[in-house]
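Numbering (our numbering), first residue to last: 432 to 795.
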């Protein structure tokens, strides 16, 4: 189980501030040599805890001869701070959410991927090569993806929610029985979508309209909760929560009556990605690692054990139908995902969401 919301896009303004404070030059590790002997290289990978096989380093080293160390980061903020703190942070491969890969790539902190070293890219759904934050997967390859919606207990709500307004303007009997995510893009999203706006909007009037709704909603909430919301559903303390689809599965694992729905107004398509640092001296091994991860057997393990969908078509087709029956969010199709809006980096405009978030959370 994930102990912190690794894709909880943490304040997007943090990356804008961090990147503004660091040079675009990262002391690059040189050009990629496809003929290099990667068994002579070493690798340091930074990834969210509990998001990969425990023996991943051992298995990759066994397959390639590359001595591999895996370190954990807690949030996108955490890893971005490490990547931008110095010209060489000592990390070869970093897992970050899509909009962060976009910003880091645009700032020259990430290396362009040599696709000749990543033939397993062919296992991806074709749609996974056209994501708005990095069209063509120039700087990143997707690891897992999903969406956000309402996770709820029908026995406690008394109805099947269909709209973000069911959360934003709850029925009297649900007042004090709902939670929302507190990170900036996800705090704003229900109100923006309910009002028909883009979750990537930078329009002042639209953001003000969303803020007004969120301030009105605040008094109806049990809590803002990014990590234990599903536990509140299991205990009955909450009846309905804003949730990432994979995390809703952790509640379903404990109480199969829990359900998940994408509201009619739509939601997001988030993606967690794998990137190679421009400063890496082990780029060939780094790209071999990404290629290893994109092997269907590895990606199948991720879907079966992390309970998140993966963009690897062969892996998803290998899932046991009984698993999807138990965890219906795994059955959300690629077409359904792409009906949602891809989260992209907004540069300095991300600070608008940081400010909105801070104001809503601080208001009594």
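We treat Cβ as the ideally placed atom computed from N, Cα and C, and that holds for glycine.
As the structure is a computational prediction, the values presented were derived from the model and not from experiment.
* Paired residues, beta bridge with residue 611 - DSSP -> DSSP output for residue 611 lists 655 as bridge partner(s).
* Asked: By Cβ distance below 8 Å, which residues in the same chain neighbour residue 494 in space, the five residues on each side in sequence not counted?
  -> 723.
* Asked: Where residue 558 and residue 569 are concerned, what is the direct C-alpha to C-alpha distance, given to the nearest angstrom?
  -> Just so you know, the alpha carbons of residue 558 and residue 569 end up roughly 14 Å apart.
* Following the continuous beta strand (DSSP E) through residue 526, name the residue where it begins and the one where it ends. => Taken as a continuous stretch (DSSP letters only), the beta strand (DSSP E) holding residue 526 covers 524-528.
* For residue 507 and residue 528, believed in contact at Cβ under 8 Å, the rounded distance -> Correct: roughly 5 Å between the Cβ atoms.
* Asked: Just how far apart, CA to CA, sit residue 761 and residue 602?
  -> When rounded, the separation of the alpha-carbon atoms in residue 761 and residue 602 is 29 Å.
* To do: Taking residue 580 as part of the beta strand (DSSP E), name the residues at either end of that continuous run.
  => Where residue 580 is concerned, the enclosing beta strand (DSSP E) stretches over 579-583.
* Could you check where the beta strand (DSSP E) with residue 498 kicks off and where it finishes? -> For residue 498, the uninterrupted beta strand (DSSP E) segment begins and ends at 498-504.
* So the beta strand (DSSP E) residue 595 belongs to, where does it begin and stop? -> Here residue 595 belongs to no beta strand (DSSP E), and DSSP marks it neither H nor E.
* For residue 465, count neighbouring C-beta atoms within 10 Å of its own C-beta (all shown protein chains included) and say buried if the count is 16 or more, exposed if not. => Residue 465 counts as exposed, since fewer than 16 other beta carbons sit within 10 angstroms of its beta carbon.
* Where does residue 570 sit, in a helix, a strand or coil, going by DSSP? -> Here DSSP, grouped into helix, strand and coil, assigns residue 570 to coil.
* So residue 587 packs on residue 670, CB below 8 Å; how close in whole Å? -> Between the beta-carbon of residue 587 and that of residue 670 there is about 4 Å, and that keeps the pair under the 8 Å contact cut.
* Inter-residue Cα distance where the pair is residue 746 and residue 636 -> Distance between the alpha carbons of residue 746 and residue 636 is about 43 Å.
* To do: With a threshold of 16 other CB atoms inside 10 Å of the CB of residue 777, please say whether the residue is buried or exposed.
  => When all chains shown are included, residue 777 counts as buried.
* **Beta-carbon proximity list for residue 599, same chain, < 7 Å, skipping 5 on both sides** => Same-chain partners within the cutoff: 621, 622, 625, 644, 648.
* **residue 736 - DSSP class collapsed to helix/strand/coil** => In this structure, residue 736 counts as helix in the three-state DSSP scheme.
* **Of the listed residues 779, 523, 699, nearest to residue 630 (C-alpha basis)** => Ranking 779, 523, 699 by Cα distance to residue 630 puts 699 first.
* In its own chain, which residues sit with a C-beta less than 7 Å from the C-beta of residue 727, not counting the 5 before and 5 after it? -> Hits under 7 Å: 554, 743, 745, 746, 749.
* To do: Whole angstroms is fine: what's the gap from residue 585's alpha carbon to residue 718's?
  => So the two alpha carbons sit approximately 45 Å from each other.
* To do: State the start and end residues of the unbroken beta strand (DSSP E) segment that holds residue 674.
  => Residues 671-675.
* Close Cβ partners of residue 517 (< 6 Å) along its chain, the five nearest in sequence each way excluded -> Contacts found: none.
* Asked: Looking at C-alpha atoms only, which residue of 574, 617, 485, 664 is the closest neighbour of residue 551?
  -> For residue 551, the nearest C-alpha among the options comes from 574.
* To do: Over the uninterrupted beta strand (DSSP E) stretch that includes residue 699, give me the two end residues.
  => Counting along the chain, the beta strand (DSSP E) containing residue 699 begins and ends at 699-707.
* Asked: When burial is assigned at 16 or more other CB atoms within 10 Å of the CB, is residue 590 buried or exposed?
  -> Its Cβ having fewer than 16 others within 10 Å, residue 590 is exposed.
* **residue 701 versus residue 617 - alpha carbon distance** => Taking the Cα positions, residue 701 is about 11 Å away from residue 617.
* According to DSSP, residues forming a beta bridge with residue 691 -> Beta-bridge pairing links residue 691 to 582.
* Report the rounded CA-to-CA distance for residue 432 versus residue 511, giving the unit in angstroms. => Since pLDDT at residue 432 reaches only 28, below the 50 mark, its modelled position is unreliable, and the value read off the structure follows with that caveat. Whole-angstrom Cα-Cα distance: 23 Å.
* If residue 613 and residue 661 are in contact, beta carbons under 8 Å, what's the gap, nearest whole angstrom? -> Rounded, the Cβ-Cβ distance is 15 Å, inconsistent with contact.
* How many Å lie between residue 520 and residue 564 at the Cα? -> Rounded to whole angstroms, the gap between the alpha carbons of residue 520 and residue 564 is 24 Å.
* To do: Between the Cα of residue 500 and those of 524, 513, 639, 685, spot the shortest distance and give me the residue it belongs to.
  => The option with the nearest alpha carbon to residue 500 is 524.
* Span of the beta strand (DSSP E) around residue 476 -> Where residue 476 is concerned, the enclosing beta strand (DSSP E) stretches over 473-479.
* Asked: According to DSSP, which residues form a beta bridge with residue 576?
  -> Beta-bridge pairing links residue 576 to 702, 740.
* Asked: With a cut-off of 8 Å, do at least 3 Cβ pairs link the region 706-715 to the region 532-541?
  -> Touching, per the Cβ criterion.
* Asked: Who are residue 772's beta bridge partners in DSSP?
  -> In the DSSP output, where bridge partners are listed per residue, residue 772 has 699.
* To do: Return the CA-CA distance between residue 686 and residue 751, expressed in angstroms with no decimal places.
  => Spanning the two alpha carbons is a distance of roughly 20 Å.
* Does DSSP classify residue 456 as helix, strand or coil? -> At residue 456, the pLDDT of 39 sits below 50, so the modelled position is not reliable; the number obtained from the coordinates is stated separately. Residue state for residue 456 is assigned as coil, using DSSP reduced to three classes.
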